[in-house]
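Colleague:
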Amino acid sequence: IEEAVRMLTEPEQVYAEHEAQLRANLAHVGRVIDAMGRYIQLITINADMGLQTGPMCRPARMAEFTMPYIARFCDFVHRHSDCKVFLHCCGSIRPLIGMLAQAGVDVLNPVQISGDNMDAHDLKRDHGDAIIFWGGGCDTQRVLGVATPAEVCANVRALVSAFKPGGGF
Numbered sequence: 467i468e469e470a471v472r473m474l475t476e477p478e479q480v481y482a483e484h485e486a487q488l489r490a491n492l493a494h495v496g497r498v499i500d501a502m503g504r505y506i507q508l509i510t511i512n513a514d515m516g517l518q519t520g521p522m523c524r525p526a527r528m529a530e531f532t533m534p535y536i537a538r539f540c541d542f543v544h545r546h547s548d549c550k551v552f553l554h555c556c557g558s559i560r561p562l563i564g565m566l567a568q569a570g571v572d573v574l575n576p577v578q579i580s581g582d583n584m585d586a587h588d589l590k591r592d593h594g595d596a597i598i599f600w601g602g603g604c605d606t607q608r609v610l611g612v613a614t615p616a617e618v619c620a621n622v623r624a625l626v627s628a629f630k631p632g633g634g635f
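Put into structure tokens, the structure is as follows:
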């Protein structure tokens, strides 16, 4: 929340911090690619941007303050390796998924289908051709820890049926 407020009150400072962090991240991932690139398939980044009810801040703010840096990171990885960029991002982030795919994120995990507006069929229909969904195969909040084995099985079958058609799951 503090970062979202700072985007409004100290935008130039936030840009400078993001630029410095990106430079450090590019130097680091460059070393990883040089040393291990031929052995790995994914570069994982973590940027939890969602709450149960929606993104942590307005998508327009994410487009302005976050996506350009993610895009530059993804571009670097794609230009210097054949690795995919794997983003761990929890929460209800449906309004951000298109931006993330456009920025170059290849894989989204965990696909928190228990979040508001994160219906598996809708996600697959709207974004299944642009991003790989790595997760969402079981509702880990409302089913996995409390349901019977038969209910878990039914939930998994339903979600796999939603995400699987055409690949990308």
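When we follow the numbering used here, the leftmost residue of the sequence shown carries the number 467, and every step to the right adds one.
Idealized CB from N, CA, C, for every residue including glycine.
Remember, it's a predicted structure, so these values are computed and weren't measured experimentally.
1. Do the region 500 to 511 and the region 547 to 561 touch if we need at least three Cβ pairs shorter than 8 Å?
2. Since SER558 contacts GLY594 with CB under 8 Å, what's their CB separation in whole angstroms?
3. Any contact between the region 515 to 528 and the region 491 to 498? By contact I mean 3 or more CB pairs, one from each, below 8 Å.
4. Could you compute how far the alpha carbon of ALA620 sits from the alpha carbon of LEU574?
5. Between the alpha carbons of ILE563 and GLY570, how many angstroms are there, rounded?
6. Which residues does DSSP list as the beta-bridge partners of VAL573?
7. Measure the Cβ-Cβ separation of LEU625 and ALA586 and say whether it is below 7 Å.
8. Hey, how far is the Cα of ALA613 from the Cα of GLY634?
9. Can you list, in chain order, the residues of its chain with a C-beta nearer than 8 Å to that of PHE531? Leave out the 5 residues immediately preceding and following it.
10. For PRO631, which of helix, strand or coil comes out of DSSP?
11. With a floor of 4 residues, list each alpha helix (DSSP H) that falls wholly inside the region 494 to 559, ordered by position along the chain.
12. How far does the alpha helix (DSSP H) with GLU469 in it extend, from its first residue to its last?
13. Tell me whether GLY564 sits in a helix, a strand or coil according to DSSP, three-state version.
Modeller: Working from what's here:
1. yes
2. Contact flag wrong, Cβ pair sits at about 18 Å.
3. no
4. 23 Å
5. 11 Å
6. PHE552 and ILE598
7. yes
8. 27 Å
9. MET473, PRO477, VAL480, TYR481 and HIS484
10. Reduced to three states, the DSSP call for PRO631 is coil.
11. 525 to 531 and 533 to 546
12. From DSSP, the alpha helix (DSSP H) with GLU469 extends over 468 to 475.
13. helix
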